[in-house]
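In this text, residue positions in the sequence shown follow full-length UniProt numbering: the first is 22, and each later residue adds one.
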Amino acid sequence: PGVLYVVATPIGNLQDISQRMCQILAGVSQIAAEDTRRTRQLLSHIGVNTPCFSLHEHNERQKIELIVQLLEKGESVALVSDAGTPLISDPGYPLVKALRDRQLVVSPIPGPCAFIAALSVAGLPTDRFIFEGFLPAKKGARLARLKHYADETATLVFYESSHRITESLQDMLVAFEESRQVVIARELTKTFETVLSGSVQSLIDILAQDNNQTKGEFVVMVHGASKANAEISPEAKTLALKLAEHL
Ligand code: SAM
22 PGVLYVVATP IGNLQDISQR MCQILAGVSQ IAAEDTRRTR QLLSHIGVNT PCFSLHEHNE
82 RQKIELIVQL LEKGESVALV SDAGTPLISD PGYPLVKALR DRQLVVSPIP GPCAFIAALS
142 VAGLPTDRFI FEGFLPAKKG ARLARLKHYA DETATLVFYE SSHRITESLQ DMLVAFEESR
202 QVVIARELTK TFETVLSGSV QSLIDILAQD NNQTKGEFVV MVHGASKANA EISPEAKTLA
262 LKLAEHL
């Protein structure tokens, strides 16, 4: 049978295209793309004209049988998303799971991934981190998710879009203590690449003063809670607050 290659593509800078990526995209019989128009632009840039079909959130399950048939005929297929590594806050999980369940071969062609690039330059601990992807769009759910992580000691990593970056930072101000360090990596590998680091409040102020800082794509990273704080059990915290009332 053929192989499904899961191919990472650039997150902004086309010079991050790898030789292996080109070789695989040229060599497979078809490419399953999140957005075929976007992938065709990439293909024309590298002079490849392999046929593409769409595979996105809404049709992914219907496309699985088609891909299984291609692989079983001995044809190989590449999976790409709009940018970065497929399956990382992008389509592909049901497909890869279905192929693995059928003992078909799935092989990675590694390359750019926004949160890995962001972590590599943030200056935050990287020995333990939690990648949360996108926070919920609704305020209540978003705040609840952030509060859930208030005592987490691992570095927290989120994806964020330009229209919600300010609201998310404001919710972080509520969920985390004031001094918590946050790093925002914006437009990585692109012209306006910026990495800002500071307290949540200082970053809110910078974004409020300079509207350009709210534009583009973001990875938001939060330093984990300090051990001392995380080790106090919620019961002990409640008790301490009650005692304080009587002082
Ligand atoms: N699969 C992609 C990856 O491997 O990083 C992520 C896809 S997700 C739909 C898009 C989000 O990734 C953006 O909203 C942003 O949070 C982040 N992102 C993508 N490109 C970025 C870049 N150049 N700089 C900063 N963040 C980026």
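Every residue, glycine too, gets a C-beta built ideally from N, C-alpha and C. Nothing here was measured: the structure is a model prediction, and the numbers come from that model.
- The beta carbon of Pro-131 lies closer than 8 Å to those of Ala-29, Thr-106 in the same chain, with the five residues before and after it left out.
- The Cβ atoms of Val-203 and Val-240 lie no closer than 8 Å to each other.
- Along the length of the stretch 131-176, whole beta strand (DSSP E) runs at least 3 residues long occupy 150-155, reported in chain order.
- It is roughly 22 Å from the alpha-carbon of Arg-149 to the alpha-carbon of Leu-209.
- Looking at the backbone, the Cα of His-66 and that of Glu-173 are separated by about 43 Å.
- Ligand 1 has no heavy atom closer than 7 Å to the beta-carbon of Ser-141.
- Taken through DSSP and simplified to helix, strand or coil, Glu-199 comes out as coil.
- Taken in chain order, the unbroken stretches of alpha helix (DSSP H) that lie wholly in the stretch 65-110 and span 4 residues or more are 81-93.
- The residue from Asn-34, Gly-95, Gln-230 with its alpha-carbon nearest to that of Leu-63 is Asn-34.
- About 6 Å separates the beta carbon of Pro-31 from that of Pro-133, a gap short enough to meet the 8 Å contact definition.
- DSSP links Ala-206 through a beta bridge to Val-216, Val-240.
- For Leu-209, the shortest C-beta to heavy atom distance toward ligand 1 is below 7 Å.
- Its Cα nearest to that of Val-142, the residue Ser-218 stands out among Ser-218, Lys-236, Tyr-114.
- When DSSP states are grouped into helix, strand and coil, Glu-256 belongs to the helix group.
- If the five residues before and after His-244 are omitted, its C-beta is found closer than 7 Å to the C-beta atoms of Leu-145, Thr-176, Arg-201, Gln-202, all from its own chain and listed in chain order.
- Our two residues, Gly-48 and Glu-55, have alpha carbons roughly 19 Å apart in a direct line.
- When C-alpha distances from Pro-157 are compared across Ser-128, Ser-110, Glu-96, the shortest belongs to Ser-110.
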